[in-house]
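*Asks:* Take 2 as the starting number for the sequence shown in the working numbering and just add one per residue.
Sharing a structure, written as structure tokens. Questions coming.
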Amino acid sequence: MLPFAWIGRHHDPQQEYIVMSVEPLPLSEATSDPIRKIGVVGAGLMGNGIAHVCALAGIEVVLTDIRAEALDRAMTTIRVNLDRQIKAGLTTEQQKAAALTRIVTAVGYDRLSECDLVVEAITEKEEAKKALYKLLAPHMKPDCILATNTSSISITRLGASTDRPEKFIGLHFMNPVPVMKLVEIIRGIATDDRTFAAVSALAQRLDKTISVAEDFPAFIVNRILVPMINEAVFALYEGVATVSGIDTAMRLGASHRMGPLELADFIGLDTCLSIMQVLYDGLSDSKYRPCPLLVKYVEAGWLGRKTGRGFYDYAHTPPRPTR
């Protein structure tokens with residue numbers, strides 16, 4: 002999930018972005034069972050983005066959550082983002098209307114029985130994901146593929162907790178999903194070729210560029226990106242520079258359109274910490290030790306944009322650095 006840079010004249014980094022180009026993956030085999038209906042579990046930032054791109058690509062979507070209000074917010078966000086795409090000339094009013102008719106929302110999991118693929122997009126907590134998979138199992142048909150949008154957790158370990166490890170796969174979209182072109186696809190040790198082929202074909206249908214990652218902690222993007230963010234937090238913690246000094250240095254000195262601390266606030270400091278903990282625990286290397294300041298901010302509930310305060314205070318326009 003990396004909104005690494007934005008384009009255009011807007012100052013809201015959630016609106017417009019650019020991405021690096023990666024060569025698409027050639028499929029080694031075609032799937033004879035196309036994915037016609039997708040379930041998305043979790044109507045948060047990633048879940049509503051996944052529902053958005055699938056519906057716009059002509060795929061029926063069942064968007065589920067345990068809270069009706071989360072589903073209402075998700076549909077509002079999808080409409081707003083479709084309007085942004087219309088304004089940018091990327092889609093039309095007719096395509097928007099058609100996409101919205103393809104999305105059905107549901108509290109609970111009963112309607113997942115209709116789906117060929119279910120994508121889990123809940124919090125980046127391993128035990129929460131494993132507990133959810135046990136709840137989903139009775140509602141999914143035997144040949145349904147189960148994918149996780151995890152940005153860091155072992156696909157093999159998650160898959161082993163399900164009733165279908167051979168049909169379990171990592172499908173990691175970048176944030177914001179409607180804009181970012183990259184998806185990481187990660188096989189667990191038990192993932193079969195048919196599952197990989199079906200999910201790869203889906204990603205291409207969504208006009209995404211595929212990067213295949215091995216099942217190592219944090220995969221590709223976050224293995225590189227989040228330690229950089231953690232190092233920026235260490236620079237702040239050690240007094241090397243202020244928040245604005247660090248972000249300005251990386252924007253102007255390394256041509257990053259967002260500084261690392263601004264980016265951390267956008268991603269969510271809790272998510273950054275979770276990924277660093279996965280790296281530290283999984284690789285047993287001290288270079289991945291989470292910065293104590295990052296831990297403190299998360300303990301304080303200062304999680305970035307979503308809570309109104311992180312390395313910047315979002316009660317002000319423009320946001321003010323907090324250190």
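Just so you know, even glycine gets a beta-carbon here, dropped at the ideal spot from N, CA and C.
Need the endpoints of the beta strand (DSSP E) that Ser212 sits in, please.
*Replies:* Taken as a continuous stretch (DSSP letters only), the beta strand (DSSP E) holding Ser212 covers 210–214.
*Asks:* Among Met277, Met47, Asn231, which one has its Cα closest to the Cα of Ile123?
*Replies:* For Ile123, the nearest C-alpha among the options comes from Met47.
*Asks:* Classify Gly311: buried if its beta carbon has 16 or more other beta carbons within 10 angstroms, exposed otherwise.
*Replies:* Classification of Gly311: buried, given that the 10 Å Cβ count is 16 or more.
*Asks:* Return yes when the Cβ of Val62 is within less than 7 Å of the Cβ of Ala56, no when it is not.
*Replies:* Yes. Within cutoff.
*Asks:* Out of Pro218, Gly90, Thr163, which has the shortest C-alpha to C-alpha gap to Ala138?
*Replies:* That would be Thr163, whose Cα lies nearest to the Cα of Ala138.
*Asks:* Starting from Phe174, trace the alpha helix (DSSP H) both ways and give me its first and last residue.
*Replies:* First-last for Phe174: 169–174, but that is the beta strand (DSSP E), not the alpha helix (DSSP H).
*Asks:* Could you give the residue range of the alpha helix (DSSP H) that holds Arg80?
*Replies:* Run containing Arg80: 69–88, per the alpha helix (DSSP H) assignment.
*Asks:* When the Cβ atoms of the region 216–232 are set against those of the region 271–287, are three or more pairs found closer than 8 Å?
*Replies:* Output reads yes: the region 271–287 touches the region 216–232.
*Asks:* Taking only the alpha-carbon atoms, compute the straight-line gap between Gln86 and Leu253 and give it to the nearest angstrom.
*Replies:* Those two C-alpha atoms are separated by around 29 Å.
*Asks:* With H, G and I counted as helix, E and B as strand and the rest as coil, what does DSSP make of Thr106?
*Replies:* It is a strand residue.
*Asks:* So is Thr78 buried or exposed if we call it buried at 16+ other beta carbons inside 10 Å?
*Replies:* Per the 10 Å Cβ criterion, buried.
*Asks:* What's the C-alpha gap between Arg324 and Phe235?
*Replies:* Those two C-alpha atoms are separated by around 13 Å.
*Asks:* Note the first and the last residue of the continuous beta strand (DSSP E) segment covering Asp66.
*Replies:* First-last of the beta strand (DSSP E) with Asp66: 61–66.
*Asks:* By alpha-carbon positions, which one of Ile268, Lys288, Arg321, Pro320 ends up nearest to Gly45?
*Replies:* It is Ile268 whose Cα lies nearest to the Cα of Gly45.
*Asks:* Threshold first: 3 residues or longer. Then list the beta strand (DSSP E) segments lying entirely within the region 110–150, N to C.
*Replies:* Correct list: 118–121, 146–149.
*Asks:* Which residues does DSSP list as the beta-bridge partners of Glu185?
*Replies:* DSSP lists His173, Ser212 as partners of Glu185.
*Asks:* Nearest-angstrom Cα distance between Ile170 and Arg112?
*Replies:* Ile170 and Arg112: Cα-Cα distance of roughly 21 Å.
*Asks:* Specify the secondary structure class of Pro166 as computed by DSSP and reduced to three states.
*Replies:* Three-state DSSP puts Pro166 in a helix.
*Asks:* Excluding sequence positions up to five away, which residues of its chain have a Cβ less than 6 Å from the Cβ of Asp248?
*Replies:* Hits under 6 Å: Gly260, Leu262, Glu263.
*Asks:* Between Thr157 and the rest of its own chain, which residues show a CB-CB distance below 6 Å, the 5 nearest in sequence each way excluded?
*Replies:* Once the five neighbours on either side are set aside, the close Cβ partners of Thr157 are Gly189, Ile190, Asp216.
*Asks:* Under the three-state reduction of DSSP, which class applies to Val178: helix, strand or coil?
*Replies:* Residue state, collapsed to three classes: coil.
*Asks:* Compute the distance between the beta-carbons of Gly40 and Val119, then report whether it is under 7 Å.
*Replies:* Yes.
*Asks:* Please report the Cβ distance between Leu203 and Leu294, rounded to the nearest whole angstrom; I am assuming they are in contact, meaning their Cβ atoms lie under 8 Å.
*Replies:* Contact doesn't hold; Cβ gap of about 40 Å is too wide.
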